[in-house]
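Just so you know, the sequence shown maps onto residues 382 to 716 in my numbering.
Glycine included, every Cβ here is placed at the ideal spot set by N, Cα and C.
Here the structure is a predicted model, which means the values were calculated and not measured.
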Amino acid sequence: MKGFILYFIGFYSTYASPVAMLDDQYYSGTILISENTPGQYGIEDLTREVIFEAPQESDIQLYFHVRNGSADGVKVYTNDSEGIISAGFFKEKHTLFIVHGWRNQYDSPVIEVISKAALDAQDINVFAVDWSKIALLEYQEAVSAVPEVGRLLGELIKRLVANNGLDLASTTVAAHSLGAHVAGIACAHVGSECDVIVGMDPAGPLFSYDKIDERLDPSDAKFVQVIHTSAGLFGFLEPIGHADYFPNGGSDQPGCESDSIGACDHGRAFLYYAESLTTGDFTAVKCGNYTDYENGKCAGQSKSFLGQYQVDKSARGIYFLKTHSSAPYAMGDNS
Numbered sequence: 382m383k384g385f386i387l388y389f390i391g392f393y394s395t396y397a398s399p400v401a402m403l404d405d406q407y408y409s410g411t412i413l414i415s416e417n418t419p420g421q422y423g424i425e426d427l428t429r430e431v432i433f434e435a436p437q438e439s440d441i442q443l444y445f446h447v448r449n450g451s452a453d454g455v456k457v458y459t460n461d462s463e464g465i466i467s468a469g470f471f472k473e474k475h476t477l478f479i480v481h482g483w484r485n486q487y488d489s490p491v492i493e494v495i496s497k498a499a500l501d502a503q504d505i506n507v508f509a510v511d512w513s514k515i516a517l518l519e520y521q522e523a524v525s526a527v528p529e530v531g532r533l534l535g536e537l538i539k540r541l542v543a544n545n546g547l548d549l550a551s552t553t554v555a556a557h558s559l560g561a562h563v564a565g566i567a568c569a570h571v572g573s574e575c576d577v578i579v580g581m582d583p584a585g586p587l588f589s590y591d592k593i594d595e596r597l598d599p600s601d602a603k604f605v606q607v608i609h610t611s612a613g614l615f616g617f618l619e620p621i622g623h624a625d626y627f628p629n630g631g632s633d634q635p636g637c638e639s640d641s642i643g644a645c646d647h648g649r650a651f652l653y654y655a656e657s658l659t660t661g662d663f664t665a666v667k668c669g670n671y672t673d674y675e676n677g678k679c680a681g682q683s684k685s686f687l688g689q690y691q692v693d694k695s696a697r698g699i700y701f702l703k704t705h706s707s708a709p710y711a712m713g714d715n716s
């Protein structure tokens, strides 16, 4: 734990602050404090005016991953259909897009962990979306760019459909933090034809719950699953998918007690999802609130699985579950 204490003032429960897995950060509603380099902290005023150049298509890069291929993937271009085929793309296979969050890039843990787990589990196409040229900007600039980044990613996906026969009905987009909103806008841009979006602790500061066109929401894909691990802090408190899963009540994740800032909780979302793709049995119970779940009042309610390769598309509503404090996190059916 870092040697300082920060007091939360003016906190908005419907908002959240996205954080890179290894960064310490604090969000008060008007300021964001983050550790830029070890021992060096920056303060961002979230009320200041933002002026920056609009994102360009060249700001978004795609890295293609295949089973038994390079861990770094192969950089591909959507206007080079032969190059994508040479990299190993097969239109008959299921396709997974992975979108990182703020202050991350294509070789960040979220990409590395999920791509490895997905390819260990299934022989599929994996595209890692690198929008780090924008994501590494100050938070306000990155948020302001999300609609255009999402639209541009949607255009790249459209080109993959047209040139390489990408089947959107067999496409999942897994996205963490600020990237979850990029994913929602991208899939909305392709007519909401993406099969599944998995939003891993979608980010919140400067997003409004009521403005669904600017954030991830159920209309963006055929099915939207959301995993909340820092709800009311760095992630949305409210459910924003067809099915919303709140491990350990959605905050204060076991094993993260020494992290007073909350970055550990925020990062747990993609770790749970990655584990669910291989051996993780994250059985969740439908329930109105976590207190009732803990008291066994929802024991007879329907159950569902967080994550997994074949997402439970029949699930609707709010689900709760518990996890271990370290990997393997899944506890199976502990209801």
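Residue range 559-570 is occupied by the alpha helix (DSSP H) that includes leucine 559.
Taking the C-beta atoms as reference points, proline 628 is found no nearer than 9 Å to histidine 647. For aspartate 598, no alpha helix (DSSP H) segment is defined, and its DSSP state is neither H nor E. Listed as beta-bridge partners of glycine 616 by DSSP are Ala612. With fewer than 16 other beta carbons inside 10 angstroms of its own, alanine 452 counts as exposed.
Approximately 5 Å separates the beta-carbon atoms of lysine 667 and serine 683; this is inside 8 Å, confirming the contact.
Contact check for glutamine 503 against tyrosine 690 passes: the beta carbons are separated by less than 9 Å.
The continuous beta strand (DSSP E) containing leucine 477 extends over residues 476-480.
Of all alpha-carbon atoms in Ser558, Ser600 and Ser573, the one lying nearest the alpha-carbon of aspartate 582 is that of Ser558. At the C-beta level, serine 639 and alanine 612 stay beyond 9 Å of one another. Here the alpha carbon of isoleucine 566 sits roughly 17 Å from the alpha carbon of alanine 550. By the criterion of a C-beta distance shorter than 7 Å, phenylalanine 471 is surrounded in its chain by Asn506, once the five residues flanking it on both sides are discounted. By alpha-carbon distance to alanine 561, the top candidate from Pro709, Tyr710, Val491 and Ile642 is Val491.
At the C-beta level, valine 480 and alanine 564 come within 9 Å of one another. Each residue's CA atom was taken as its position, placing valine 542 and aspartate 548 some 7 Å apart. Residue state for phenylalanine 471 is assigned as coil, using DSSP reduced to three classes. Ranked by how close their Cα comes to the Cα of tryptophan 512, the residues Val579, Tyr653, Asp440 and Ala711 have Asp440 in first place.
Residue nearest to serine 525 within the set Leu614, Gly585, Ala602 and Lys497 is Gly585 (criterion: CA-CA distance). Taking arginine 697 as reference, the option from Gly454, Ser462 and Ile621 with the minimal CA-CA separation is Ile621. DSSP places serine 685 within a strand segment (E or B) once states are collapsed to three. Aspartate 511 has Gln442 as its beta-bridge partners, per DSSP. Residue pairing for isoleucine 699: DSSP places it in a beta bridge opposite Asp625. Taken through DSSP and simplified to helix, strand or coil, lysine 539 comes out as helix.
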